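Numbering (the working numbering), first residue to last: 1 to 128.
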């Protein structure tokens with residue numbers, strides 16, 4: 001594929017490997033040029049602002065930094081944020097949407113597991 005989009009993976013390696021199977025990682029590499037966080041920590045927003053300038057898309061997850069105005073000002077090419085977890089409320093402020101950046105999240109995909117865990121915990125709490 002000519003001119004593959006550049007994708008920044010914000011997840012630390014251990015979390016990326018838990019959420020994305022080897023097959024899913026290979027599929028991502030087929031559709032875009034991946035640059036992955038190689039550190040076992042989440043970057044703060046200021047560090048993300050320094051890194052995000054050359055990327056068309058970002059994959060976020062639990063613990064990813066907020067896309068502050070500073071981050072957005074540096075994200076000149078950003079067209080997509082794909083959140084690999086549920087809620088995006090604290091991660092992606094209104095200015096991101098005002099800039100026309102597309103957003104996806106995994107809430108529907110993880111909802112059954114969340115519901116099952118909720119029921120399991122309720123049942124455990126009732127146990128005597």
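No residue lacks a Cβ here, since even glycine has one placed at the ideal position from N, Cα and C. Given the structure is predicted, the values throughout are model-derived calculations rather than measurements.
For residue 28, no beta strand (DSSP E) run applies; the uninterrupted alpha helix (DSSP H) run containing it begins and ends at 22 to 31, by DSSP. Take residue 48, set aside five residues on each side of it, and the residues of its chain with a beta-carbon closer than 6 Å to its own are 65, 71, in chain order. Using a 10 angstroms sphere on the CB of residue 55, the tally of other CB atoms reaches 16 or more, which defines it as buried. Closest option to residue 31, judged by alpha-carbon separation, among 100, 52, 3: 3.
Taken in chain order, the complete beta strand (DSSP E) segments of 3 or more residues contained in the region 6 to 75 are 6 to 9, 33 to 36, 57 to 60. Counting only residues of its own chain and dropping the five nearest sequence neighbours on each side, residue 50 has a CB closer than 8 Å to the CB of 74. With contacts defined as CB atoms closer than 9 Å, residue 42 and residue 91 fail to qualify as a contacting pair.
Beta-bridge analysis with DSSP links residue 80 to 57, 102. Comparing alpha carbon positions, the residue from 67, 63, 119 closest to residue 94 is 67. A Cβ-Cβ separation of about 11 Å leaves residue 96 out of contact with residue 58 under the 8 Å criterion. Within the same chain, no residue comes within 8 Å of residue 108 by CB-CB distance, once the 5 residues on both sides are set aside.
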